[in-house]
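**Student:** Top to bottom, those sequences are chains A and B. Quick note: this note's numbering has the first sequence finishing at residue 450, numbered continuously throughout. Quick note: this note's numbering has the second sequence finishing at residue 410, numbered continuously throughout. Using N, Cα and C, we set each Cβ at its ideal position, and we do this for glycine too.
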Amino acid sequence: MSTNQQTGTFDRVVGARPGLPSTSAKRLAKGLGWFSVSLGLAELLAPRAIASLSGVSNKHTGLIRLYGLRELASGIAIFSQKKPTEAVWSRVAGDALDLVSLGVACTAPDAKRGRITFATANVAAVTALDVICAMQLSNGKQGIHANASCVVNRPLEEVYNFWRDFQNLPRFMRHLDSVVDIGEGRSRWKAKGPAGMDVEWEAMIVADVPGEVITWRSLENSDVDNAGAVRFEQAAGGRGTIVKVNFEYQPMAGVLGATVAKLFGEEPNQQLDDDLRRFKQVLEVGEVVVSDATLLGTGYMAQRPARPAAASELEGAEMLPSETATNYGSEERRSEGRII
Amino acid sequence: MKANCWYGKTTLSVEDVPDPQILNQRDAIVKISSTAICGSDLHLYNGFIPTMQRGDILGHEFMGEVVEVGREVSNLKVGDRVVVPFPIACGNCFFCKEKMFSLCENSNPNAWMAEKMFGHAASGIFGYSHLTGGFAGGQAEYARVPFADVGPIKVPEHLSDEQVLFLSDIFPTGYMGAEMCDIKPGDTIAIWGCGPVGQFSIRSAFLLGAERVIAIDEVPERLKMAEDGGAETINYREESVYERLMDMTGGRGPDACIDDVGMEAHAPAMVEIYDRVKQAMMLETDRPHALREAIMCCRNGGVVSVIGVYGGLIDKFPIGSVMQRSLTIRTGQAHVQRYMQPLLQMIENGDIDPSFVVTHTMSLDDAPHAYDIFKKKEDNCIKVVLKPDWNGNGAAKDDNYTVIH
């Protein structure tokens, strides 16, 4: 396997460092955790110094100690949670309380307004960081992950070879328009977006062990940061080939991000599962099987009534066999003869 | 073309829809000459099967003439007269190779729905909700038949539609119900339900070597048809099924029991009210009275064969009786493709003439009326055959059959 591991997405998908996500949001959360702990300890142990630094009255040391306890609790929560979304949001709530307290302190007769303004600016800056971090964690910024598997009643080598030719992927991956091999293990992927918005990216093969595993990831600076891995195993008893796929992508902000998110749907596992079902269909029966209801897709919203479509409706169909150049494995199935 | 479309509970409409066309290269288009209403269609009609959509075409028992074939279909040609099996099966996957066609892994594009409900998906089925693929059904003038190189069977011209149509479902289904009983010479088989499938189970049990067949129902003409097939009968409205069966078998119970009823069982009042209330409150989706009784009646070490359709969850299932008494439960949607050729051979040999079960022949236009009398068991209705080009002439093969039109 390659040692090229600069993205967290890639790490998780190919399993090089399982369970160790290293996205910026989590790093930021850790930084904020340390900030909470140090500020909390300072407020607990040296409330007078804190009061003087922020220009508030010495009379409030009790309150400052209480706020110190709150900071400590937030810090500990951040370090004790795998995904500290709630803990970081609790920091945001604490920030709000701090800002209100500073505002109240400002109105006191003995207030040192310059210092209070300075402290307020600092708290506001930290608040901004807290909000960014919490939102990133809440948005699932650490990547959307899907995995699925299936058993294909074909020999392992054939199954591997079919997948290894990435240009076959659009035959069963509903959202893909085309994958073009551009040489040196690189390929150009094009996906159909909603409302005619196409998304393109380039990917490279990271690892390729024939008959065992293929991993790929998008090149740096791609519009869509994504990575995938497919493993092949002989099923027990010679009953075909088990195919296991992991896939992950990083959603981004903006219109393009929303487009990509729609591509992968709200249930990425479901979508990958459906893709694998079609993969199995192409290999076993030669093409993707459609019913009247699923001409426009298999999801709940896409279902047509179970009745023939008018010609005009068929034009909008996503995946008709007429788009499939050949019926895969046709000769071999013929030579096997009818089965009953 | 004309087609019988579902628009909600007990609401059907025969209307014009676009003609089907080849969508997959292994498809054929069949011009339908005869199509039947199945007891399991009543579960759709009565609204007990989820994932139906307004406008869905019903029907999974049909036959006709091939009018178009896809590029990959080499065993059929335009003009062939074929009967189409109700499960759609690819012939290539693990289960098809094992001849368990109703478990085909490739024929249900909506497999994810079925997986959510049942854990795993079974095959696609014509006209039987979106859970089984969302395929247009055969109560229409034409149907698209996927995997036409695997499913449809050619039938000889000298056999009438009524003699071969039921190879599509109820004859193989009734037969598989009996076959799952592992019948040995001398066996006594009890059969719950004397609807069309039950009728075929009765005759199949005898064909498979049963000595006695005891059939249970409440509808006089159905009990009469069972007796015509050689069965002894019990009317559960008139006597206790358990007591009568024990009396008939010296207290041991039948060697095997077949549930040819399924999820909408009727029962003596209190039990039926209990299950109807639970079904209405969504505490159970199916009313399993026949199944419970079949289990309690079966002899120790016997087989309970469940071929009636169930769709979801049941309540008060006597698992203790099953376990303590070494019962075997066998079940499944019929693997029709497995049985079509041998059963066609039996028909040709004259061992059985499946047309006995037909009581009504009507035009496809009358489908809503046909469902209504079939559901209410009015006019002695047992089995309805619909014909798209029916003009009402020459319908009666026999004066005993009622002809509408």
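So Ser-164(A) packs on Ile-226(A), CB below 8 Å; how close in whole Å?
**Tutor:** One-based indexing of the first sequence puts residue 164(A) at position 54. One-based indexing of the first sequence puts residue 226(A) at position 116. That pair is a contact at about 6 Å.
**Student:** What residues in its chain sit with their C-beta under 7 Å from that of Ile-174(A), if we drop five residues either side in the sequence?
**Tutor:** On the first sequence, position 64 is the one that residue 174(A) refers to. So the list reads Glu-153, Pro-157, Ile-160 and Ala-161, once near-sequence residues are dropped.
**Student:** Taking C-beta pairs closer than 7 Å, name the residues in chain A that Ala-8(B) reaches, listed in chain order.
**Tutor:** For the purposes of this step, residue 8(B) is taken as the residue at position 3 of the second sequence. Here the neighbours are Arg-417.
**Student:** Would DSSP call Arg-122(A) helix, strand or coil?
**Tutor:** By one-based count along the first sequence, residue 122(A) stands at place 12. Here the model assigns Arg-122(A) a pLDDT of 46, short of 50, so the residue's position is not dependable and the matter cannot be decided.
**Student:** Leaving out five residues on either side along the sequence, give the residues of the same chain with a beta carbon under 7 Å from the beta carbon of Phe-152(B).
**Tutor:** Within the second sequence, numbered from 1, the residue matching residue 152(B) stands at position 147. The residues are Arg-31, Ile-93, Ala-94, Cys-95, Gly-96 and Ser-112.
**Student:** Along the segment 378 to 397 of chain A, where does the CB come closer than 8 Å to a CB of chain B? Name the residues.
**Tutor:** Going along the segment 378 to 397 of chain A in chain order, one finds Gln-380, Asp-383, Asp-384, Arg-387, Lys-390, Gln-391, Glu-394, Val-395, Gly-396 and Glu-397 with a Cβ nearer than 8 Å to chain B.
**Student:** Give, in chain order, every residue of the segment 76 to 106 of chain B whose Cβ lies closer than 8 Å to some Cβ of chain A.
**Tutor:** Arg-76, Glu-77, Ser-79, Asn-80, Cys-95, Gly-96, Asn-97, Cys-98, Phe-99, Cys-101, Lys-102 and Lys-104
**Student:** Can you list the beta strand (DSSP E) stretches of 3 or more residues lying completely in the segment 148 to 200 of chain B, in chain order?
**Tutor:** 193 to 197
**Student:** Give me the Cα-Cα distance between Glu-485(B) and Pro-190(B), rounded to the nearest whole angstrom.
**Tutor:** Past the edges of chain B, shown from 6 to 410, lies residue 485(B), and the structure says nothing about it.
**Student:** Buried or exposed for Val-83(B), going by 16 or more other Cβ atoms inside 10 Å?
**Tutor:** As a working mapping, residue 83(B) is identified with position 78 in the second sequence. Val-83(B) comes out exposed.
**Student:** Between the alpha carbons of Ala-270(B) and Lys-390(A), how many angstroms are there, rounded?
**Tutor:** Position 265 of the second sequence, counted from the start, is the residue given in the question as residue 270(B). Position 280 of the first sequence, counted from the start, is the residue given in the question as residue 390(A). Linking Ala-270(B) to Lys-390(A) through their CA atoms gives a straight-line distance of about 39 Å.
**Student:** Might you give, ordered along the chain, the residues of its own chain that have their beta carbon closer than 6 Å to the beta carbon of Ser-45(B), omitting 5 neighbours on each side?
**Tutor:** As a position in the second sequence, residue 45(B) is number 40, starting the count at 1. Hits under 6 Å: Val-314.
**Student:** Tell me the rounded alpha-carbon separation between Tyr-50(B) and Cys-262(B).
**Tutor:** If you number the second sequence from 1, residue 50(B) lands on position 45. If you number the second sequence from 1, residue 262(B) lands on position 257. Taking the straight line joining both Cα atoms gives about 28 Å.
**Student:** Among residues of its own chain, excluding the 5 on either side of Leu-168(A), which ones have a beta-carbon nearer than 8 Å to its beta-carbon?
**Tutor:** Working through the first sequence from its first residue, we reach residue 168(A) at position 58. Correcting the residue identity first, residue 168(A) is Asn in this sequence and not Leu. Result list for Asn-168(A): Arg-158, Ala-161 and Ser-162, in chain order.
**Student:** Please work out which residues of its chain come closer than 7 Å, Cβ to Cβ, to Lys-76(A), disregarding the five sequence neighbours upstream and downstream, and give them in chain order.
**Tutor:** Only positions 111 to 450 of chain A appear in the structure, and residue 76(A) is not among them; the question remains open.
**Student:** In whole angstroms, give me the CA-to-CA distance for Asn-263(A) and Val-353(A).
**Tutor:** By 1-based counting over the first sequence, the position of residue 263(A) is 153. By 1-based counting over the first sequence, the position of residue 353(A) is 243. Distance between the alpha carbons of Asn-263(A) and Val-353(A): 11 Å.
**Student:** Quick check: the Cα distance between His-125(B) and Thr-137(B), rounded to an integer number of angstroms?
**Tutor:** As a position in the second sequence, residue 125(B) is number 120, starting the count at 1. As a position in the second sequence, residue 137(B) is number 132, starting the count at 1. Distance between the alpha carbons of His-125(B) and Thr-137(B) is about 12 Å.
**Student:** Any chance the segment 218 to 234 of chain B sits against the segment 158 to 165 of chain B, with 3 or more Cβ pairs inside 8 Å?
**Tutor:** no
**Student:** Taking the alpha-carbon of Lys-121(B) as reference, which of Asp-358(B), Leu-296(B), Gly-316(B) and Met-328(B) has the nearest alpha-carbon?
**Tutor:** Residue numbering aside, residue 121(B) sits at position 116 when the second sequence is read from its first letter. Closest in alpha carbon position to Lys-121(B), among Asp-358(B), Leu-296(B), Gly-316(B) and Met-328(B), is Gly-316(B).
**Student:** Could you name the residues that DSSP lists as bridge partners for Pro-92(B)?
**Tutor:** Residue numbering aside, residue 92(B) sits at position 87 when the second sequence is read from its first letter. DSSP links Pro-92(B) through a beta bridge to Ile-130(B).
**Student:** With a cut-off of 8 Å, does the C-beta of Ser-445(A) fall near any C-beta of chain B?
**Tutor:** As a first step, residue 445(A) is located in the first sequence; it is residue number 335 there, counting from the start. False, the Cβ-Cβ gap to chain B never drops below 8 Å.
**Student:** For chain A, is any of its Cβ atoms less than 8 Å away from the one on Asp-339(B)?
**Tutor:** For this step, residue 339(B) is matched to residue 334 along the second sequence. The amino acid occupying residue 339(B) in the given sequence is Ala; Asp does not appear at that position. No, its Cβ sits nowhere closer than 8 Å to a Cβ of chain A.
**Student:** My output table needs one value for Phe-357(A): the three-state DSSP class, helix, strand or coil.
**Tutor:** For the purposes of this step, residue 357(A) is taken as residue 247 along the first sequence, with counting starting at 1. DSSP places Phe-357(A) in strand when its eight states are reduced to three.
**Student:** Could you check the C-alpha separation between Ala-145(B) and Arg-284(A) for me, to the nearest Å?
**Tutor:** As a working mapping, residue 145(B) is identified with position 140 in the second sequence. As a working mapping, residue 284(A) is identified with position 174 in the first sequence. Going by the C-alpha atoms only, they are around 31 Å apart.
**Student:** From which residue to which residue does the alpha helix (DSSP H) around Met-118(B) run?
**Tutor:** Start at 1 with the first residue of the second sequence, and residue 118(B) comes out as number 113. Residues 116 to 123.
**Student:** For my contact list, Val-392(A) and Asn-29(B) are in at a C-beta cut-off of 8 Å; report their separation, rounded to the angstrom.
**Tutor:** On the first sequence, residue 392(A) is found 282 positions in, with the first residue counted as 1. On the second sequence, residue 29(B) is found 24 positions in, with the first residue counted as 1. Contact flag wrong, Cβ pair sits at about 11 Å.
**Student:** Under the assumption that Cys-98(B) contacts Glu-397(A) (Cβ atoms under 8 Å), give the Cβ distance between them as a whole number of angstroms.
**Tutor:** Here the question's residue 98(B) lines up with position 93 in the second sequence. Here the question's residue 397(A) lines up with position 287 in the first sequence. Distance from Cys-98(B) to Glu-397(A) at the Cβ level is roughly 14 Å; contact not present, criterion being Cβ atoms closer than 8 Å.
**Student:** Under 7 Å Cβ-Cβ, which residues of chain B neighbour Ala-420(A)?
**Tutor:** Position 310 of the first sequence, counting from 1, holds the residue named residue 420(A). By Cβ distance, chain B contributes Pro-23.
**Student:** Once the 5 residues before and after Asp-356(B) are set aside, which same chain residues still bring their CB inside 7 Å of it?
**Tutor:** For the purposes of this step, residue 356(B) is identified with residue 351 of the second sequence, where counting begins at 1. Hits under 7 Å: Leu-212.
**Student:** For the beta strand (DSSP E) that Lys-36(B) lies in, which residues bound it at each end?
**Tutor:** Counting from 1 along the second sequence, the entry for residue 36(B) is found at position 31. Per DSSP, Lys-36(B) belongs to the beta strand (DSSP E) from 33 to 41.
**Student:** Could you give the DSSP three-state label for Arg-335(B): helix, strand or coil?
**Tutor:** Here residue 335(B) corresponds to residue number 330 of the second sequence, with the count starting at 1. When DSSP states are grouped into helix, strand and coil, Arg-335(B) belongs to the strand group.
**Student:** Please report the Cβ distance between Asp-174(B) and Phe-91(B), rounded to the nearest whole angstrom; I am assuming they are in contact, meaning their Cβ atoms lie under 8 Å.
**Tutor:** One-based indexing of the second sequence puts residue 174(B) at position 169. One-based indexing of the second sequence puts residue 91(B) at position 86. Rounded, the Cβ-Cβ distance is 5 Å, consistent with contact.
**Student:** Taking Ile-188(A) and Ala-139(A) to be in contact with their CB atoms under 8 Å, please state how far apart those CB atoms are, rounded to whole angstroms.
**Tutor:** Residue mapping note: residue 188(A) aligns to position 78 of the first sequence, counting from 1. Residue mapping note: residue 139(A) aligns to position 29 of the first sequence, counting from 1. Indeed, because the Cβ distance is near 6 Å, the residues count as touching under 8 Å.
**Student:** For Ala-231(B), count neighbouring Cβ atoms within 10 angstroms of its own Cβ and tell me buried if that reaches 16, exposed if not.
**Tutor:** Counting from 1 along the second sequence, the entry for residue 231(B) is found at position 226. By the neighbour-count rule (16 or more Cβ atoms within 10 Å), Ala-231(B) is buried.
**Student:** Under 8 Å between C-beta atoms, does Thr-351(A) make it to chain B?
**Tutor:** Along the first sequence, one-based indexing puts residue 351(A) at 241. It does not; no Cβ of chain B falls within 8 Å.
**Student:** The ligand ATP and Gly-124(B): does the residue's C-beta get closer than 7 Å to at least one heavy atom of that ligand?
**Tutor:** Questions concerning the ligand ATP fall outside what the structure shown contains, since it holds no ligand whatsoever.
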